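Okay, so the sequence shown: first residue is 6 according to the numbering used here, each after it adds one. Positions of the beta carbon are idealized from the N, C-alpha and C atoms, including for glycine. Predicted model, so just to flag it, every value in this text is computed and none were measured. As structure tokens, the structure follows; a few thoughts come after it.
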Amino acid sequence: MEQRKAEFIMTIIGASLAILGILFMGIMLAFLGIGTSINTDALTSDDVIGLTVGGGIVFYFFLLAVAACIIGFIAAFKMKNGQNIKGWSITLIVVGGLCFFSYGWITGVLFLISGIMSVVKSSREKRNIFYD
């Protein structure tokens, strides 16, 4: 089994950036809630629809940041211990793709790169077993 130090570090950095995403989205949700409760009489129906849709999108990004943080830390330590490396690598690729196209492209890129590197290393390990 090869050392997966680069994948571990990139996944930890990505999960830590997801924590920053959680804080940022939490602050946005708090301000969105405060902004809608201050003066609801002056809002038109279009404003209410816009705030509802915007709040829903921000809440979705918040949930995605929480999931990315949890999955990132779990995947990093499971891959470091050598448990089900290919499964966690594919999970990182999927979560990285979701993060890339939503709230945090840096987190997404880090998860995608570490997931792809782990999949390539695990397939190379299997190939070396057959040729040794």
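task = Compare the beta carbon distance of G120 and I98 with 8 Å and say whether it is the shorter of the two.
result = In the sequence shown, residue 120 corresponds to position 115, counting from 1. In the sequence shown, residue 98 corresponds to position 93, counting from 1. Yes. Within cutoff.
Check your understanding: Relative to the alpha-carbon of A73, which residue among S94, R9, F36, I24 has its alpha-carbon at the smallest distance?
Key -> Along the sequence shown, one-based indexing puts residue 73 at 68. The option with the nearest alpha carbon to A73 is I24.
Requested in this report: Give the DSSP-derived three-state secondary structure of N86 in the structure shown.
Outcome: Translated into positions along the sequence shown, residue 86 becomes position 81. DSSP places N86 within a helical segment (H, G or I) once states are collapsed to three.
Check your understanding: What is the DSSP secondary structure of G38, reduced to helix, strand or coil?
Key -> Locating residue 38 in the sequence shown gives position 33, where the first residue counts as 1. Residue state, collapsed to three classes: helix.
_Using CA atoms only, rank isn't needed, just tell me which of I90, L117, M122, V63 is closest to A20._
Translated into the one-based positions of the sequence shown, residue 20 becomes position 15. Out of I90, L117, M122, V63, L117 has the C-alpha closest to the C-alpha of A20.
Compute the Euclidean distance between the alpha carbons of S128 and S94, then round it to the nearest angstrom. For this step, residue 128 is matched to residue 123 along the sequence shown. For this step, residue 94 is matched to residue 89 along the sequence shown. Roughly 12 Å between the two C-alpha positions.
| query | Alpha carbon to alpha carbon, how far is I27 from L69? | reply | The residue given as residue 27 occupies position 22 in the sequence shown. The residue given as residue 69 occupies position 64 in the sequence shown. Using only the alpha carbons, I get a separation of about 9 Å.
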